[in-house]
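So the mapping is simple: the working numbering equals the position in the sequence shown, first residue as 1, plus 7.
Heads up, the beta-carbon is just placed ideally off N, CA and C, and yes, glycines get one too.
Here the structure comes first, spelled out in structure tokens, and everything after it is commentary.
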Amino acid sequence: MASFWAAFCGPPKPTAVPGATASGRPLQEWAAVEAGLQSTDANQRADAILAAMEFQYRQAGPRLLQLAQEDEAANVRQTAAIALGQFQVKGAGPILTHLLQNDKAVQAEYIMEAAARLEDKRVAPAIVPYLKSDLNNTRLIAMQTLVSLNATSQGPAILKLAQGLSDPDQSRAAVMALGKLKVQRAAPWLRQLAQTTAPGPNRAAVYLALGRIADKASAPLLIEGLALEEPRLRENAGKALILIQDHASLSAIFPLLESDNPEIAYNAAAVLSEISDPKTRQQVLRLLNQGPPQSIGPAALVAGRLKISASRLPIEKRLADKKSPDREQLAQALGWLQEKASLPLLIQVLQEAEGTGRLGAAWS
């Protein structure tokens, strides 16, 4: 009996060696870390900072403040900055600002990471200029840090900086920041940029920024984007329209369901499926009953996603005809409707010897 209890009711088996951390490194006492922080060797000081972070020795804060400001080694200053951010040490914000503005020896990416960890918006003004860095990675980190800090107060400064950049590649990070921070005053400039920027990733970023700002005035531009040949532009235009939720624009999107390009038609369907509107029901039923063949699948997708119950019979009629196009999507639409009355037809389609309808029936 004793062996039974020992086997099944004893303490859990240890997963780490006693005296070691989850990383497997042996625990360093604070005294050893403190001595390392005072070492005359720069590498030892940097290692001690890393140990302080790993073992959560927050009492290192005063020494970290000193190292970040005064240490002669750039790698020590920037590592100390990271630790200040991780521990959210009071008084670290001005030091990070100084490092970003004046210390060219440290890597700005490290200091911006420290600022993100510190969560101090007062550092944000010193980050904005890095949106125009010559290095794409630095620009992206600056954008991500500003968004992480929710630095909405920097919107005017970001917009001014972006307007002064002539290289679309260089301005993309600033455009992304304007969108993610929802800088409303940027909308007119972004609309102009959407019209003048060549098709490609930069215009795609502008589309998405307009969506995040929820700029209804940009809906006509974005609807034009839905019909473009480049997939990324269509995708971002669709995402933007979904974010904007402009019901007045739906009538201009419906004709795209009849496009001969199925990618354009189904992308438009995805947009319509995410903007619920009473007028959609009538338009969808019209296409299902009288629309051209290429519009049936996209219209069925909209009907299914929006749970338009009156569409069940027209969709079933189309699916039952083996000559109908897009039978996979028709069957999927019935799955979205979730009406048990469609089960016999779906089982029948599932048992067919060939055709893509089986795939949609299996999904449903």
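{"Check": "Minimum C-alpha distance to Ser-377 - residue among Gly-218, Tyr-273, Thr-145, Pro-227", "Outcome": "Any answer about residue 377 is impossible in this case: the structure gives the chain only from 8 up to 371."}
{"Check": "Reduced DSSP category for Pro-21 - H, G, I as helix; E, B as strand; rest coil", "Outcome": "Caution applies to Pro-21, whose pLDDT of 39 falls short of 50 and renders its modelled position unreliable; the model cannot decide the point."}
{"Check": "Chain-order list of residues whose beta-carbon lies under 7 Å from that of Leu-357 (same chain, five-residue window excluded)", "Outcome": "Arg-365, Ala-368, Ala-369"}
{"Check": "Nearest-angstrom Cβ-Cβ length linking Ala-81 and Val-113, presumed shorter than 8 Å", "Outcome": "5 Å"}
{"Check": "Gly-245 burial status per 10 Å Cβ neighbour count (16 or more: buried)", "Outcome": "buried"}
{"Check": "Which of helix, strand or coil DSSP assigns to Gln-290", "Outcome": "helix"}
{"Check": "Reference Ile-282, options His-254, Gln-301, Ser-266, closest by Cα", "Outcome": "His-254"}
{"Check": "Beta-carbon proximity list for Ser-225, same chain, < 6 Å, skipping 5 on both sides", "Outcome": "Arg-198, Leu-217"}
{"Check": "Residue interval of the alpha helix (DSSP H) (run including Gly-100)", "Outcome": "99-109"}
{"Check": "Rounded straight-line distance, which links the Cα of Val-96 to that of Arg-52", "Outcome": "18 Å"}
{"Check": "For Pro-175, the nearest candidate out of Leu-215, Gly-207, Gly-232 (CA to CA)", "Outcome": "Gly-207"}
{"Check": "Nearest-angstrom Cα separation, counted from Thr-145 out to Ala-338", "Outcome": "48 Å"}
{"Check": "Proximity to Ala-184 [Cα-Cα], best of Glu-323, Asn-50, Ser-316, Ala-158", "Outcome": "Ala-158"}
{"Check": "Residues of its chain near Ala-317, where Cβ-Cβ distance is below 8 Å and the 5 sequence neighbours each way are ignored", "Outcome": "Arg-288, Leu-292"}
{"Check": "Asp-176, DSSP secondary structure in three states", "Outcome": "helix"}
{"Check": "Unbroken stretches of the alpha helix (DSSP H), 4 residues or longer, contained in the region 217-247", "Outcome": "226-233"}
{"Check": "Nonlocal neighbours in the same chain, by C-beta distance under 8 Å from Leu-188, ignoring five residues either side", "Outcome": "Leu-153, Val-154, Asn-157, Ala-158, Thr-159, Gln-161, Gly-162, Ile-165"}
{"Check": "When Glu-361, Ser-371, Pro-269, Asp-333 are compared against Pro-351, the one with the closest alpha-carbon", "Outcome": "Ser-371"}
{"Check": "DSSP-derived helix/strand/coil call for Ala-112", "Outcome": "coil"}
{"Check": "DSSP three-state assignment for Leu-74, whether helix, strand or coil", "Outcome": "helix"}
{"Check": "Residue interval of the alpha helix (DSSP H) (run including Asp-54)", "Outcome": "49-61"}
{"Check": "Span separating the alpha-carbon of Ala-29 from that of Tyr-64", "Outcome": "Because the pLDDT at Ala-29 is just 47, under 50, the model does not fix this residue reliably, and the value given afterwards should be weighed accordingly. When rounded, the distance between both Cα atoms is 16 Å."}
{"Check": "With 16 other Cβ atoms within 10 Å as the buried cut-off, status of Ser-46", "Outcome": "exposed"}
{"Check": "When Gly-100, Asp-48, Ala-327 are compared against Val-83, the one with the closest alpha-carbon", "Outcome": "Asp-48"}
{"Check": "Identity of the residue in Ala-39, Leu-34, Ala-181 nearest Glu-61 by Cα", "Outcome": "Leu-34"}
{"Check": "Beta-carbon gap between Gly-98 and Leu-72 smaller than 9 Å", "Outcome": "yes"}
{"Check": "For Ala-184, the three-state DSSP class (helix, strand or coil)", "Outcome": "helix"}
{"Check": "8 Å Cβ shell around Leu-233 - same chain, five flanking residues per side excluded", "Outcome": "Arg-241, Ala-244, Gly-245, Leu-248, Ile-260, Leu-263, Ile-271, Asn-274, Ala-275, Val-278"}
{"Check": "Cβ neighbours of Ala-193 in the same chain (closer than 6 Å, five flanking residues each side left out)", "Outcome": "Leu-166, Leu-185"}
{"Check": "Contact check, Ile-230 vs Ser-266, beta carbons under 9 Å", "Outcome": "no"}
{"Check": "CB of Gly-362 within 9 Å of CB of Arg-334, strictly", "Outcome": "yes"}
{"Check": "Classification of Asp-127 by the beta-carbon crowding that lies within 10 angstroms, buried from 16 upward", "Outcome": "buried"}
{"Check": "Every unbroken alpha helix (DSSP H) within the region 268-313, with a cutoff of 4 residues, ordered by chain", "Outcome": "269-279, 285-297, 300-312"}
{"Check": "Glu-323 - containing alpha helix (DSSP H), residue span", "Outcome": "319-327"}
{"Check": "Beta-carbon gap between Ala-67 and Ala-90 smaller than 9 Å", "Outcome": "yes"}
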